[in-house]
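Asker:
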Amino acid sequence: MTIQNQGARHVAIIMDGNGRWAKKRLLPRVAGHKAGVEAVRTIVRAAGDMGLEALTLYAFSSENWKRPEEEVNDLMGLMKRFIVSDLDEFAANDVKLKVIGDWRALAPDVVALIENALERTSGNKRTTLAVALNYGAQDELVRAATAAAAEGAITAEAIEAHLDTADMPPLDLLIRTSGEVRLSNFLLWQSAYAELYFTDKLWPDFKPADLQAALDQFGRRERRYGGL
Ligand code: IPE
Ligand code: IPE
Ligand code: MG
Numbered sequence: 008m009t010i011q012n013q014g015a016r017h018v019a020i021i022m023d024g025n026g027r028w029a030k031k032r033l034l035p036r037v038a039g040h041k042a043g044v045e046a047v048r049t050i051v052r053a054a055g056d057m058g059l060e061a062l063t064l065y066a067f068s069s070e071n072w073k074r075p076e077e078e079v080n081d082l083m084g085l086m087k088r089f090i091v092s093d094l095d096e097f098a099a100n101d102v103k104l105k106v107i108g109d110w111r112a113l114a115p116d117v118v119a120l121i122e123n124a125l126e127r128t129s130g131n132k133r134t135t136l137a138v139a140l141n142y143g144a145q146d147e148l149v150r151a152a153t154a155a156a157a158e159g160a161i162t163a164e165a166i167e168a169h170l171d172t173a174d175m176p177p178l179d180l181l182i183r184t185s186g187e188v189r190l191s192n193f194l195l196w197q198s199a200y201a202e203l204y205f206t207d208k209l210w211p212d213f214k215p216a217d218l219q220a221a222l223d224q225f226g227r228r229e230r231r232y233g234g235l
């Protein structure tokens, strides 16, 4: 596969469809989430190879707590295993981990694992992998506006400076898998002028070639930002 990226610096993905992937195979939903973690591994590697500076992945929303306790536990368990088992992989691929959302409110053992991983990968440079955990854009905006107000005027610049993504490049492309055409409370501010890309592929089936197809289409889009 030729590796090519037409100018995108920051791509975000709403990784949806794990449950349906499992259902199609008559497997429990957790099997879909496990397959989803495999897809994450492959796509993180591909994103680096394609020259992306940043990849933001929606892993657990602030609304996903509405799911049955067993599924929430399965997701947290997979998250913990991913963070621990992939530290070497992050080092090998020069991936710097970042976590966005209200992750400090998660269970203490998860918070400790995240803190360790953030520290261990802080010197890596090639790609920033931002994992959205207990993330909701409305919550992020409330936190950012509150912080901005505490410092003075609530301006667009002040809010932006307090977003969880403040130190990342502007969002270029937002991808959602599984055929759903909605944002589900993800990166509402950041997607103001992002290009949107929807695919029917379920997340566990999303391959580097699919990311390449999205980037190719991004390269053919004309971004106007309200101008001519
Ligand atoms: C996405 O897959 C993973 C998370 C939201 C954690 P889903 O679990 O939402 O899968 P579907 O949408 O039910 O197929
Ligand atoms: C969005 O998917 C959240 C993640 C991918 C983590 P959902 O499956 O939770 O979204 P809805 O419920 O279909 O809007
Ligand atoms: Mg879903």
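For the sequence shown, the working numbering begins at 8 and goes up steadily by one. Don't be surprised by glycine CBs; every beta carbon is placed ideally from N, CA and C.
Which residues count as close to ligand 2 when the rule is a CB under 6 Å from any of its heavy atoms, in chain order?
Answerer: Having a Cβ closer than 6 Å to some heavy atom of ligand 2 are ILE21, MET22, ASP23, TYR65, ALA66, PHE67, SER68, ASN71, GLU187, ARG189 and SER191.
Asker: Is PHE97 helix, strand or coil when you go by DSSP?
Answerer: Looking at PHE97 - three-state DSSP - the assignment turns out to be helix.
Asker: Taking the beta carbon of LEU33 as the centre, do at least 16 other beta carbons fall within 10 Å, making it buried, or is it exposed?
Answerer: Exposed, by the Cβ-count rule.
Asker: In chain order, what residues of the same chain have a beta carbon less than 6 Å from the beta carbon of LEU62, not counting five sequence neighbours either side?
Answerer: Around LEU62: VAL18, ALA54 and LEU136.
Asker: Going residue by residue through the segment 95 to 147, where are the continuous beta strand (DSSP E) segments of at least 3 residues, counting only ones entirely within it?
Answerer: Within the segment 95 to 147, the complete beta strand (DSSP E) runs of at least 3 residues are 102 to 107 and 134 to 142.
Asker: Under 8 Å Cβ to Cβ from GLU45, same chain only, skipping five residues before and after it: list those, please.
Answerer: These residues qualify, in order along the chain: PRO211.
Asker: Do LYS87 and VAL106 have their CB atoms nearer than 8 Å?
Answerer: No, Cβ-Cβ distance for LYS87 and VAL106 is not below 8 Å.
Asker: Just reading off the beta strand (DSSP E) that ILE50 is part of, what are its end residues?
Answerer: Premise fails: ILE50 lies in the alpha helix (DSSP H), 36 to 56, not in any beta strand (DSSP E).
Asker: Check ASP163 in the structure and name its three-state DSSP category.
Answerer: Before going on, a small fix: residue 163 reads as Ala here, not Asp. ALA163: helix per DSSP, three-state reduction.
Asker: Is ASN80 near ligand 1, with its Cβ less than 7 Å from a heavy atom?
Answerer: Outside the cutoff, so no.
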